[in-house]
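Below is one structure, written out as structure tokens; the observations come after it.
In my numbering, the protein residues as written are 288 to 616.
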């Protein structure tokens, strides 16, 4: 049976260096990492995970807790995190909290019992609660868990860019469908959009904004859109900005059912830029979150305690597609 000593001899490095590479230690020079990985492949070496867990009190697993795996955004984020974890020879153990705080707590405790390298949490809400008594690194991504450090897109700035986009197209009667306000994401996106509209109103007092509170789901978007579209055509908004793509796609579905043309009669925008955004008809204008960077920074925070000591805000990109167009005044 091939041992770690065989790998070290083949790679021409110490056993300690091999151990560091296999555990994902970023301090090992890239050239040495390549030699070790080549030797592992050449020899077909498979580490004894059980023995390693007994020796280090830690397994090569990273826990990931998401609110709703059926939400395409979280499915894409989980895939990106899994890919980045694999670069460091770690696997991801996924847990679904079903948008329920007690379930989230149970899932985190269950993962901690398995001594993972760390846990990444997309929280149900950012309600402040006691920190977990553990040496395991815990990092929030996208949605804050209590007072743990957060790695997130700059949601407020993204929403501000959407407001600028719609204003630039001539829209002055705008509706915003907000997400849950008990989450950092929901509040930040609403605040960013509303603040930018207030600033734009200084340039043109004719700007009108109505806000509708919803949930991050297709049905919520469709239901709210029916209320919005019930207004007389002459008084109806010319643009609807939704706090995520699922809400926006629900709006598109309602518009289609009511034979309201997008974007000729109403422009629609989303947020997240899930894969479906570029597949629906018309293709959805959306703010793209930097998924790969979110995954890289989250995994880095697990391996480097310093990386998780402060919040990180990442910049996204506005993807303009055919669901938004010039206002027909």
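Even for Gly, the Cβ is constructed at its ideal location relative to N, Cα and C.
Since the model is a prediction, treat every value here as computed from it, not as a measurement.
- Distance check between residue 459 and each of 442, 379, 487, 437 places 487 closest, using alpha-carbon atoms only.
- In the structure shown, the three-state DSSP call for residue 448 is helix.
- The alpha-carbon separation between residue 407 and residue 316 amounts to approximately 26 Å.
- Non-local C-beta neighbours of residue 583 in its own chain, meaning closer than 7 Å and more than five positions away in sequence, comprise 371, ordered along the chain.
- C-alpha of residue 426 to C-alpha of residue 563: approximately 28 Å in a straight line.
- In terms of Cβ geometry, residue 367 and residue 579 form a close pair [threshold 9 Å].
- Taken through DSSP and simplified to helix, strand or coil, residue 575 comes out as strand.
- As the crow flies, the alpha-carbon of residue 332 is around 22 Å from that of residue 349.
- In the displayed model, residue 424 falls within a strand according to three-state DSSP.
- In this structure, residue 450 and residue 471 do not form a Cβ contact; the two beta carbons are roughly 19 Å apart against a cut-off of 8 Å.
- Residue 386 sits away from residue 420, with the two beta carbons spaced by 9 Å or more.
- Shown here for residue 431: same chain residues with a beta carbon closer than 7 Å to its own, the five before and five after excluded, namely 410, 413, 437, 471 in chain order.
- Secondary structure note for residue 548: it is in no beta strand (DSSP E), with a DSSP letter that is neither H nor E.
- Our two residues, residue 521 and residue 576, have alpha carbons roughly 35 Å apart in a direct line.
- Taking residue 478 as the centre and dropping the five residues before and after it, the same chain places the C-beta of 443 closer than 6 Å to its C-beta, in chain order.
- In the same chain as residue 512, and ignoring 5 residues on each side of it, the C-beta atoms closer than 6 Å to its own belong to 538, 541, in chain order.
- DSSP places residue 508 within a helical segment (H, G or I) once states are collapsed to three.
- By alpha-carbon distance to residue 507, the top candidate from 494, 467, 543 is 467.
- At least 9 Å separates the beta-carbon of residue 514 from that of residue 502.
- Per DSSP, reduced to three states, the secondary structure at residue 299 is coil, with no helix or strand assignment.
- Around the beta carbon of residue 548, fewer than 16 other beta carbons sit within 10 angstroms, so the residue counts as exposed.
- With respect to residue 590, residue 476 sits apart: the two C-beta atoms are not nearer than 9 Å.
- Unbroken alpha helix (DSSP H) stretches of 4 residues or longer found wholly inside the segment 379 to 410: 388 to 399, given in chain order.
- In terms of Cβ geometry, residue 289 and residue 305 do not form a close pair [threshold 9 Å].
- Look at residue 442 here: in three-state DSSP terms it is helix.
- Look at residue 360 here: in three-state DSSP terms it is helix.
- Scanning its chain for C-beta atoms nearer than 6 Å, with the 5 sequence neighbours on each side dropped, one finds around residue 603 the residues 440, 445, 574, 575, 576, 577, in chain order.
- By the CB criterion at 9 Å, residue 428 and residue 319 fall outside the cutoff.
- One alpha carbon belongs to residue 609, the other to residue 301, and they sit about 57 Å apart.
- Non-local C-beta neighbours of residue 607 in its own chain, meaning closer than 8 Å and more than five positions away in sequence, comprise 452, 572, ordered along the chain.
- When DSSP states are grouped into helix, strand and coil, residue 291 belongs to the helix group.
- In the three-state scheme derived from DSSP, where H, G and I count as helix and E and B as strand, residue 432 is classed as coil.
- A Cβ-Cβ separation of about 50 Å leaves residue 613 out of contact with residue 398 under the 8 Å criterion.
- Beta-bridge annotation (DSSP): residue 499 is paired with 464.
- Residue pairing by DSSP leaves residue 469 without any beta bridge partner.
- Under the criterion of beta carbons closer than 8 Å, residue 415 and residue 384 do not qualify as touching, at roughly 17 Å.
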